[in-house]
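Shown next, in structure tokens, is the structure this report addresses.
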Amino acid sequence: MEDYITISSLNDFIFCPYSIYLHNVYMGGKEDLYHATPQTQGKAAHATIDEKKYSSKKDEITSLLVFCDELGIAGKIDIYKGKEKLLIERKYKLETIYRGQIYQLWAEYFCMTEMGYEVEKLAFYAISTNKMFPVEIPTEEDKKELADFILKFNQFNPEDAILINENKCNHCIYCNLCDKTEVENVYT
Ligand code: SF4
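All you need for the working numbering is the position in the sequence shown, starting with 1, plus 248.
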């Protein structure tokens with residue numbers, strides 16, 4: 249069976265490719281070993297969606313498992329509003345929208361459209377400020393950029409040398425488990 253890349257790991261891979269390796273090694277262990285504050289808030293932001301409590305409106309789909317065979321990705325969307333053909337990804341806090349987060353939303357879009365859903369609008373929703381951030385529908389060029397990024401992800405070897413950025417490391421949720429750096433995690 250073909251392996252799919254999880255959509256949520258695309259953002260982690262941009263942050264640091266080695267974090268994907270650490271996540272895979274430790275994801276079977278106790279969650280509080282590697283879930284430092286930012287990720288815990290992110291998980292809480294998704295909790296109502298994952299428990300399917302967020303919406304009882306009939307035209308809204310929440311926590312749908314989605315797949316895209318063409319790109320080899322799979323994951324779960326937050327909210328799809330059928331009447332508006334709007335796909336929304338919720339974040340606890342959103343001061344800057346990073347490329348990895350855009351890739352995540354594009355990936356959800358390509359999954360939904362391959363599965364036959366009509367999606368005409370994309371947006372992030374920041375829970376902490378109650379604000380929506382519209383995002384353009386990806387072009388063919390954007391799709392190629394995402395496909396190239398997924399290829400890089402698939403070809404990553406954890407034994408390869410990686411560029412260490414201490415500022416990233418001390419904000420990294422895997423910092424305490426990482427053998428590539430000695431810096432301390434700021435969240436502990
Ligand atoms: S601690 Fe640094 S090197 Fe290790 S996974 Fe995190 S960002 Fe990457």
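Quick reminder that beta carbons are idealized off the backbone N, C-alpha and C, glycines included.
Just list the residues that DSSP pairs residue i with in beta bridges.
i    : result
E308 : K329
L334 : K329 and K369
G364 : Note: G364 sits in no beta bridge, so no partner.
L313 : K324
A374 : K339 and K379
Run the proximity test for residue i: is its beta-carbon closer than 6 angstroms to any non-hydrogen atom belonging to the ligand SF4?
i    : result
K428 : yes
K416 : yes
S257 : no
Y346 : no
Y365 : no
S311 : no
Y422 : yes
Y266 : yes
Does DSSP classify residue i as helix, strand or coil?
i    : result
F404 : coil
E430 : coil
G320 : coil
I421 : coil
I253 : strand
K379 : strand
L281 : Residue placement at L281 is poorly supported in this model, since its pLDDT is 46, which falls under 50; the coordinates are not used for a value here.
N415 : helix
A409 : coil
E389 : helix
Tell me, please, whether the region 389-399 touches the region 319-327 by the rule of three or more beta-carbon pairs shorter than 8 angstroms. yes
With three or more beta-carbon pairs closer than 8 angstroms as the criterion, would you say the region 397-407 touches the region 369-382? no
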